[in-house]
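Colleague:
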Amino acid sequence: MPACLVPARPAFVEVWEHRRGAKRPYHNSWVTDRPVDAQNVRVILGIGRARWKIENEGFNVHKNQGYELEHNFGHGQKTLAMVFYWLNLLA
Numbered sequence: 013m014p015a016c017l018v019p020a021r022p023a024f025v026e027v028w029e030h031r032r033g034a035k036r037p038y039h040n041s042w043v044t045d046r047p048v049d050a051q052n053v054r055v056i057l058g059i060g061r062a063r064w065k066i067e068n069e070g071f072n073v074h075k076n077q078g079y080e081l082e083h084n085f086g087h088g089q090k091t092l093a094m095v096f097y098w099l100n101l102l103a
């Protein structure tokens, strides 16, 4: 079977952290195609947080450092939104 036809086996990872003095707990969740077990769950959570941080900082630069882009360029029409995004970057 070609690699592109191998069925995916997604795993769901969720974290709740109750921090002393915080108004509400930290909550996040991710879906991964990697197997998750007790030995690697902390690594998977760290990777998920790092990816979120990279994406968030990238959008922050585009929004606040002169590119004049909003975090979400549009709802529903993803292709058109990406075209506008890339045209804005090229302009």
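The numbers in our numbering rise by one with no breaks, and the one at position 88 of the sequence shown is 100.
Where is the CB? At the ideal position from N, CA and C, for every residue including glycine.
What is the residue span of the alpha helix (DSSP H) that ASN52 lies within?
Modeller: For this step, residue 52 is matched to residue 40 along the sequence shown. Segment: none, ASN52 is in no alpha helix (DSSP H) and carries neither H nor E.
Colleague: Using a Cβ-Cβ distance under 9 Å, would ARG36 count as near chain D?
Modeller: The structure shown has no chain D; it contains just one protein chain.
Colleague: Compare the beta carbon distance of TRP4 and GLY70 with 9 Å and say whether it is the shorter of the two.
Modeller: Because the chain spans 13 through 103 in this model, residue 4 falls outside it and cannot be assessed.
Colleague: ASP45 to LEU101, Cα distance in whole Å?
Modeller: Translated into the one-based positions of the sequence shown, residue 45 becomes position 33. Translated into the one-based positions of the sequence shown, residue 101 becomes position 89. Cα to Cα, the separation comes out at about 31 Å.
Colleague: To the nearest angstrom, how far is it from the Cα of GLU67 to the Cα of VAL73?
Modeller: The residue labelled residue 67 in the question sits at position 55 within the sequence shown. The residue labelled residue 73 in the question sits at position 61 within the sequence shown. Going from the Cα of GLU67 to the Cα of VAL73 covers about 10 Å.
Colleague: Assuming VAL25 contacts ILE56 (C-beta within less than 8 Å), just tell me the rounded distance between them.
Modeller: Within the sequence shown, numbered from 1, the residue matching residue 25 stands at position 13. Within the sequence shown, numbered from 1, the residue matching residue 56 stands at position 44. Rounded, the Cβ-Cβ distance is 5 Å, consistent with contact.
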